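See below for the structure under consideration.
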Amino acid sequence: MDLGDLLDLFSIGVCYEDRKEEFLPYLQSIVDNAQPYIDPTLELYIKYLGLKPNEGKRAKFKVNYLERLLNSEDKVKALKNTMANWYRFNQGQPWYGRHERENYDGYWAFDVCGLVKILGIDDDVVKDHKYYPYDLVHFNDNKK
-17 MDLGDLLDLF SIGVCYEDRK EEFLPYLQSI VDNAQPYIDP TLELYIKYLG LKPNEGKRAK
43 FKVNYLERLL NSEDKVKALK NTMANWYRFN QGQPWYGRHE RENYDGYWAF DVCGLVKILG
103 IDDDVVKDHK YYPYDLVHFN DNKK
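Residue numbers (this note's numbering): -17 to 126.
In structure tokens:
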């Protein structure tokens, strides 16, 4: 499992936080065994979910567009820019270009949605973006 997979998985966990008891032991075991991949965005997801972080050396940001979103002053503008360039930013991922081959099941910016939820970013500007999982981010909105 690479860093992109971990960010996607934990970000989805953030969006399904009301059901986290069902998957927290699984995520904790991943944290315990994923030391080389710990980066500040993943660490934020881990802390948000109430998991015990794996103490040790921290990596620098490996996903620069998430770093920019996390550290920007104008998060709505940064989110809009992130989503405008998200596919291009992921050019090295194994799934990149899959729409040109068989077994294409869509592209989703799961790694971004956890930050949007945790930071409370108004995501209306990207609600209809083809890669943005708006419904996932707002899965629990009517349950509170």
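Every residue gets a Cβ at the ideal spot worked out from N, C-alpha and C, and that includes glycine. Keep in mind it's a predicted model, so treat the numbers as computed, not measured.
Query: Output yes or no for whether 9 Å exceeds the beta carbon distance between residue 95 and residue 12.; Result: no
Query: Please report the Cβ distance between residue -4 and residue 30, rounded to the nearest whole angstrom; I am assuming they are in contact, meaning their Cβ atoms lie under 8 Å.; Result: 6 Å
Query: From what residue to what residue does the alpha helix (DSSP H) around residue 92 run?; Result: 92 to 101
Query: Rounded to a whole number of angstroms, what is the C-alpha to C-alpha distance between residue 91 and residue 2?; Result: 20 Å
Query: When you compare the CB positions of residue 55 and residue 22, do they come within less than 9 Å of one another, or not?; Result: no
Query: Determine the burial state of residue 77: buried for a count of at least 16 other Cβ atoms within 10 Å of its Cβ, exposed for fewer.; Result: exposed
Query: Just reading off the alpha helix (DSSP H) that residue 0 is part of, what are its end residues?; Result: Unbroken run through residue 0: none, as it is neither H nor E.
Query: Within 10 angstroms of its Cβ, does residue -16 collect 16 or more other Cβ (buried), or is it exposed?; Result: exposed
Query: Compute the beta-carbon to beta-carbon distance between residue 64 and residue 52, rounded to the nearest angstrom, for a pair I have assumed lies under 8 Å.; Result: Wrong, their Cβ atoms sit about 10 Å apart, outside the cutoff.
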